[in-house]
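Student: Position one of the sequence shown corresponds to residue 350 (our numbering), numbered consecutively onward.
Please see the structure below; I have some questions.
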Amino acid sequence: MPSQQVWNTKDGATYTTSNGAPVAEPYAAQRVGFNGPLLLQDFHHIDLLAHFDRERIPERVVHAKGAGAHGYFEVTHDITDLTSAALFKKVGTKARSTVRFSTVGGESGSADTARDPRGFAIKIRTEEGNWDWVFNNTPVFFLRDPAKFPHFIHTQKRDPQTHLKDPDMFWDYLSQNPESVHQVLILFSDRGTPDGYHNMHGYSGHTFKFVNAEGKYHYVQIHLRKDGGFKTLDNATAGKLAGENPEYGIQTLVEAIESKNFPSWTVYVQTMTPEQAEKFRYNILDLTKIWPHKEFPLRPIGKFVLDEIPQNYFAEVEQAAFAPSHLVPGVEPSTDPVLQSRLFSYPDTHRHRLGVNYQQLPVNAPVVPVSNFQRDGPAAYNNQGPRPNYQSSISPLTYKKKAYEDAKHEKFIGNASYELSFITELDFEQPRALWQKVFDDTQKAHFVSNIAGHIGGVKSKEILARQLSVFAAVDQDLSDRIAKAVGHPTVAPLKVAPASEAIAFRTNTQ
Ligand code: HEM
350 MPSQQVWNTK DGATYTTSNG APVAEPYAAQ RVGFNGPLLL QDFHHIDLLA
400 HFDRERIPER VVHAKGAGAH GYFEVTHDIT DLTSAALFKK VGTKARSTVR
450 FSTVGGESGS ADTARDPRGF AIKIRTEEGN WDWVFNNTPV FFLRDPAKFP
500 HFIHTQKRDP QTHLKDPDMF WDYLSQNPES VHQVLILFSD RGTPDGYHNM
550 HGYSGHTFKF VNAEGKYHYV QIHLRKDGGF KTLDNATAGK LAGENPEYGI
600 QTLVEAIESK NFPSWTVYVQ TMTPEQAEKF RYNILDLTKI WPHKEFPLRP
650 IGKFVLDEIP QNYFAEVEQA AFAPSHLVPG VEPSTDPVLQ SRLFSYPDTH
700 RHRLGVNYQQ LPVNAPVVPV SNFQRDGPAA YNNQGPRPNY QSSISPLTYK
750 KKAYEDAKHE KFIGNASYEL SFITELDFEQ PRALWQKVFD DTQKAHFVSN
800 IAGHIGGVKS KEILARQLSV FAAVDQDLSD RIAKAVGHPT VAPLKVAPAS
850 EAIAFRTNTQ
């Protein structure tokens with residue numbers, strides 16, 4: 350972490366109380382006589398216990414298990430035609446960054462090799478403030494209606510009564526929300542068990558907007574592609590490692606950096622104009638869909654390298670607070686409703702997990718000065734000194750009027766309405782292409798045995814049949830192979846509305 354003091358484990362320091370007073374006997378406690386009660390006046394002892402009692406902060410409600418490191422983002426290509434972000438003003442600019450990789454469903458002590466998507470969160474410290482990339486290692490997600498998120502996550506947490514994880518809850522949800530099947534295909538391929546946190550790609554998943562100096566914008570998706578490729582584990586090895594070395598992911602990341610095999614990624618954007626977005630077959634605000642590379646090629650923008658392990662895991666990784674709403678000028682969120690919900694959810698959970706001044710913690714504090722009218726609250730470390738606490742001494746940016754007007758590109762007129770997406774044949778096209786055109790025979794065989802191992806644990810015949818009908822809607826052979834592996838008769842495809850209904854709905858509401 351920048352500007353962090355480097356401590357030696359044996360640095361000759363004198364042991365002190367928390368107020369800095371030297372202590373001769375760290376293990377001793379004051380008591381009355383030889384066998385008497387302890388004394389309230391022994392601040393050292395009471396403070397030791399009181400601080401210990403408060404050591405734990407809430408673990409992240411999702412993505413609780415993770416590994417972190419520091420490194421840099423380097424601009425390798427000029428993209429000033431796309432964005433005015435100061436980071437990209439000059440090719441060669443390097444910005445110190447912090448990454449946190451994670452699994453999603455398990456608790457803080459769970460195994461690194463669990464079958465799960467992986468979180469890939471990066472804090473890039475730019476001269477215009479911190480820009481967080483809160484990405485996953487898969488280009489798509491399980492849902493596109495944000496209200497489903499807490500329900501879906503609960504199905505991977507413990508049963509309220511038995512405190513056990515329950516495959517019926519998981520498949521009950523997935524089989525009734527088949528827009529998840531694209532992500533399910535990725536999750537139960539060997540990509541669901543990456544070989545270490547640092548051997549995988551990262552994807553924004555959501556559409557963002559890059560706005561250039563003239564106020565013109567493009568829709569973008571950001572991709573980080575691991576140099577050397579995405580390495581995976583097979584199911585048996587991942588399971589074995591989960592038992593033998595639950596910290597496999599943290600360990601291999603630390604070892605790679607310590608041996609100076611610095612993990613690196615090439616960073617790309619896919620771009621789309623608003624006109625292209627209107628004509629595109631899929632809704633760019635639906636993160637269960639990808640943008641085909643053939644139509645929207647990857648354009649290189651930078652390089653991301655990890656070259657430093659944290660001095661202190663808690664301070665620099667556990668306390669790291671990433672949020673998709675931590676953006677910089679020249680980058681805007683799209684109106685993807687899942688992204689919009691996340692803009693709220695992360696800062697909200699940080700205020701709960703770390704406190705209202707979480708942005709002042711050293712790992713989160715921007716490298717540029719913060720000047721605003723937020724004051725006080727617990728642990729106000731940078732309380733902005735004598736500066737007035739109302740608008741007076743700080744000048745807002747003077748916008749070029751035209752650029753600002755142009756940037757107000759999207760107009761939203763209408764009444765508030767409730768929206769919930771519906772399933773059509775459109776939702777099966779991309780998973781079908783993944784199964785039929787991307788997976789080779791080995792990948793298909795692994796997928797079938799990986800999924801059979803999990804779905805075979807489902808007790809409800811209804812849930813199993815329903816999920817097999819979802820797979821049959823993707824591809825009958827895919828469903829039949831899983832059915833055979835779990836000893837279930839063939840199931841007919843789930844009946845859904847034609848793709849034209851989704852396209853017509855989108856066109857009419859645009
Ligand atoms: C409505 C949808 C979602 C909600 C409400 C949500 C909410 C959350 C919350 C509350 C956390 C814990 C953060 C913390 O305690 O620091 C979290 C972590 C995370 N989420 Fe999401 N999430 C959603 C979808 C997604 C998606 C689509 C992605 C990726 C494209 C994603 C990536 C991550 C990552 C990488 C972390 C871990 C960040 C870290 O390492 O500190 N989430 N999410």
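We put the CB at the ideal spot given by N, CA and C, even for glycine.
Should Pro407 be labelled buried (16 or more other beta-carbon atoms within 10 Å of its own) or exposed?
Tutor: Taking the first residue of the sequence shown as 1, we reach residue 407 at position 58. By the neighbour-count rule (16 or more Cβ atoms within 10 Å), Pro407 is not buried but exposed.
Student: Counting along the chain, where does the beta strand (DSSP E) carrying Thr615 start and finish?
Tutor: Position 266 of the sequence shown, counted from the first residue, corresponds to residue 615. Ser613 to Met621 is the span of the beta strand (DSSP E), which, as asked, contains Thr615.
Student: Return the CA-CA distance between Leu692 and Ser674, expressed in angstroms with no decimal places.
Tutor: Within the sequence shown, numbered from 1, the residue matching residue 692 stands at position 343. Within the sequence shown, numbered from 1, the residue matching residue 674 stands at position 325. Cα-Cα distance, rounded: 5 Å.
Student: Closer than 7 Å to a non-hydrogen atom of ligand 1 - does that hold for the CB of Leu692?
Tutor: On the sequence shown, residue 692 is found 343 positions in, with the first residue counted as 1. No.
Student: Quick check: does the Cβ of Val807 come within less than 7 Å of any heavy atom belonging to ligand 1?
Tutor: Start at 1 with the first residue of the sequence shown, and residue 807 comes out as number 458. Ligand 1 has no heavy atom closer than 7 Å to the beta-carbon of Val807.
Student: For ligand 1, I want to know if Tyr695 counts as a neighbour, meaning its beta carbon is within less than 7 Å of at least one of the ligand's heavy atoms.
Tutor: Your numbering for residue 695 matches position 346 in the sequence shown. Result yes, Cβ under 7 Å from ligand 1.
Student: Less than 7 Å between C-beta atoms, sequence neighbours within five positions excluded: which residues of the same chain meet that for Thr698?
Tutor: In the sequence shown, residue 698 corresponds to position 349, counting from 1. Around Thr698, the same chain offers Val410 as residues with beta carbons nearer than 7 Å, after the five sequence neighbours per side are excluded.
Student: May I have the straight-line CA-CA distance separating Val819 from Phe796, to the nearest angstrom?
Tutor: On the sequence shown, residue 819 is found 470 positions in, with the first residue counted as 1. On the sequence shown, residue 796 is found 447 positions in, with the first residue counted as 1. Roughly 15 Å between the two C-alpha positions.
Student: Going by beta-carbon coordinates alone, are Val616 and Leu573 separated by less than 8 Å?
Tutor: For this step, residue 616 is matched to residue 267 along the sequence shown. For this step, residue 573 is matched to residue 224 along the sequence shown. Their beta carbons are under 8 Å apart, which means Val616 touches Leu573 by this criterion.
Student: Between Phe761, Lys514, Gln600 and Thr425, which lies nearest to Gly455 when the distance is taken from Cα to Cα?
Tutor: Along the sequence shown, one-based indexing puts residue 455 at 106. Nearest of Phe761, Lys514, Gln600 and Thr425 to Gly455, Cα basis: Lys514.
Student: Nearest-angstrom Cα distance between Trp520 and Phe501?
Tutor: To locate residue 520, count along the sequence shown from 1; it is residue 171. To locate residue 501, count along the sequence shown from 1; it is residue 152. Their Cα atoms are separated by approximately 10 Å.
Student: Which residues bound the alpha helix (DSSP H) around Asn632?
Tutor: The residue you call residue 632 lines up with position 283 of the sequence shown. Careful: Asn632 lies outside any alpha helix (DSSP H) and carries neither H nor E.
Student: From Phe490 to Gln532, what distance separates their C-alpha atoms?
Tutor: On the sequence shown, residue 490 is found 141 positions in, with the first residue counted as 1. On the sequence shown, residue 532 is found 183 positions in, with the first residue counted as 1. In this structure, the straight-line span from the alpha carbon of Phe490 to that of Gln532 is close to 6 Å.
Student: Assign Ile831 to one of three DSSP states: helix, strand, or coil.
Tutor: Along the sequence shown, read from residue 1 onward, the residue named residue 831 stands at position 482. Here Ile831 sits in helix by DSSP.
Student: Within 10 angstroms of the Cβ of Leu783, are there 16 or more other Cβ atoms? Answer buried if so, exposed if not.
Tutor: Here residue 783 corresponds to residue number 434 of the sequence shown, with the count starting at 1. With 16 or more Cβ atoms within 10 Å of its Cβ, Leu783 is classed as buried.
Student: Could you tell me whether the stretch 375–394 touches the stretch 416–427, using the rule of 3 or more Cβ pairs below 8 Å?
Tutor: Not touching, per the Cβ criterion.
Student: Please confirm if the stretch 576–595 is in contact with the stretch 704–716, defined as three or more CB-CB distances below 8 Å between the two stretches.
Tutor: no
Student: Under 8 Å, with one C-beta from each stretch per pair, do the stretch 530–548 and the stretch 831–840 reach the 3-pair mark?
Tutor: no
Student: Per DSSP, which one or two residues make a beta bridge with Val424?
Tutor: Your numbering for residue 424 matches position 75 in the sequence shown. Per DSSP, Gly651.
Student: Quick one, which of Tyr767, Gly704, Asp656 and Leu647 has its alpha-carbon nearest Ile428's?
Tutor: On the sequence shown, position 79 is the one that residue 428 refers to. The residue with the shortest Cα to Cα distance from Ile428 is Leu647.
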